[in-house]
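K.L.:
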Amino acid sequence: RRRVQAVIDRLGYVPNLQAKGLAAGKSRMISLLFPMEHAPFTQLELDFFVGAAEAASKRGYFLNLFTEPMDDAGLLNLYRSGQIDGAILMQIRMDDWRPALLREHRYAFVMIGRCADNQDFSFIDLDFEAGIALAVAHLVELGRHQIGFIARPAEMRAARLGPAVRLLNGYLKACAEEGLTPLYREAGMSAEAVYAAANSLLDEQPNLNAMITVSGLAAVGAIRAMTERGRRVPDDVSIVSLASNRIATLITPPLTAINFPTDKMGYEAARMLINALEHPDRRIEQVLLAPKLIIRESSAPL
Numbered sequence: 018r019r020r021v022q023a024v025i026d027r028l029g030y031v032p033n034l035q036a037k038g039l040a041a042g043k044s045r046m047i048s049l050l051f052p053m054e055h056a057p058f059t060q061l062e063l064d065f066f067v068g069a070a071e072a073a074s075k076r077g078y079f080l081n082l083f084t085e086p087m088d089d090a091g092l093l094n095l096y097r098s099g100q101i102d103g104a105i106l107m108q109i110r111m112d113d114w115r116p117a118l119l120r121e122h123r124y125a126f127v128m129i130g131r132c133a134d135n136q137d138f139s140f141i142d143l144d145f146e147a148g149i150a151l152a153v154a155h156l157v158e159l160g161r162h163q164i165g166f167i168a169r170p171a172e173m174r175a176a177r178l179g180p181a182v183r184l185l186n187g188y189l190k191a192c193a194e195e196g197l198t199p200l201y202r203e204a205g206m207s208a209e210a211v212y213a214a215a216n217s218l219l220d221e222q223p224n225l226n227a228m229i230t231v232s233g234l235a236a237v238g239a240i241r242a243m244t245e246r247g248r249r250v251p252d253d254v255s256i257v258s259l260a261s262n263r264i265a266t267l268i269t270p271p272l273t274a275i276n277f278p279t280d281k282m283g284y285e286a287a288r289m290l291i292n293a294l295e296h297p298d299r300r301i302e303q304v305l306l307a308p309k310l311i312i313r314e315s316s317a318p319l
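Rendered as structure tokens:
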């Protein structure tokens, strides 16, 4: 929470419900809704917030953050009470109830993420399945066929959170297409949890020669597990991760990564939302970002 407040302070955000917009029936306040039921608010989510804050500031809007889970009455009350003009929804489930509810009541919103059916909803998301396919294909090209995967926690998949479902499905599909035996664990988001999961995979398959993780922090845990077992990265085990360029270059060795442009996605989500607020008749926008694999020092030929 302190990190979030520091960003707000740096960008000059002082929410004031007595601002000019209130007199016109508008608060000029938009909100990032990130219910922390299944995941903490980490650096990854902070990057979304920073991007959204920049876009809001440029257009003269304020941005706040809600992390408490809400029921339908609580969500609708944010709009009805005049606290916000629109919302950026995060932690999107495949069968999320929030988009349909807000559409029914004609309230403005945009999703970072997407449901299984998105016909009438504006969103921006990364094509996670295609990203995992790129990672697997890259490792196979390097001669690596024992490819482990540290997926997001099982409870996130059980809750039908989009990235958790799509990442694991993408890995299983890519393995089937490449004729590989799936080797995966579902683990918590911390480096410690991934460290334990990586060790479990190595116990099952000592000849593991590649691993894919779903965040830069997860890669840190995986690298630690390899190092403690005397396995060199990238020579013995190559690692590919899902990470922003900034995070990927901070880790040793610098990560070969599917770029996760979190700040860009936050910026675009806020831009799309403000456009919808200022032009209510505008058509919905749906942006599915094609993944980009950036090769660095954590992957090499076998």
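Those letters in the sequence shown? Residues 18 to 319, by this note's numbering.
Even for Gly, the Cβ is constructed at its ideal location relative to N, Cα and C.
Where does P223 land, buried or exposed, given buried means 16+ other C-beta within 10 angstroms?
P.N.:
Exposed is the call here.
K.L.:
Buried or exposed for Q35, please, with buried defined as at least 16 other CB atoms from any protein chain shown within 10 angstroms of its CB.
P.N.:
Reliability fails at Q35, whose pLDDT of 38 lies under 50, so the model's placement of it is uncertain and the value that follows must be treated cautiously. Label assigned to Q35: exposed.
K.L.:
Compare the Cα-Cα distances from L184 to each of F126, Y201, L197 and report the closest residue.
P.N.:
Ranking F126, Y201, L197 by Cα distance to L184 puts Y201 first.
K.L.:
Please tell me whether L267 and A242 are closer than 8 Å, where the distance is taken between their beta carbons.
P.N.:
No, the pair does not count as a contact, with Cβ atoms beyond the cut-off.
K.L.:
Check each candidate in S258, A171, G91 and name the one with the smallest Cα separation from I311.
P.N.:
For the residues S258, A171, G91, the minimum Cα distance to I311 belongs to S258.
K.L.:
Identify whether Q60 lies in helix, strand or coil by the three-state DSSP scheme.
P.N.:
Reduced to three states, the DSSP call for Q60 is helix.
K.L.:
If you scan the stretch 190-271 from start to end, which runs of the alpha helix (DSSP H) of 4 or more residues do you find wholly inside it?
P.N.:
Listed in chain order, the complete alpha helix (DSSP H) runs (minimum 4 residues) inside the stretch 190-271 are 208-221, 233-245, 262-265.
K.L.:
What are the residues that DSSP puts in a beta bridge with D142?
P.N.:
DSSP lists L305 as partners of D142.
K.L.:
Just list the residues that DSSP pairs G165 with in beta bridges.
P.N.:
Paired residue(s): L200, M228.
K.L.:
For L156 versus S217, is the C-beta spacing smaller than 8 Å?
P.N.:
Cβ atoms of L156 and S217: not closer than 8 Å.
K.L.:
Which two residues bound the contiguous beta strand (DSSP E) that contains T273?
P.N.:
Here the beta strand (DSSP E) through T273 covers 273-276.
K.L.:
In angstroms with no decimal places, state the Cα-to-Cα distance between E221 and V250.
P.N.:
Roughly 19 Å between the two C-alpha positions.
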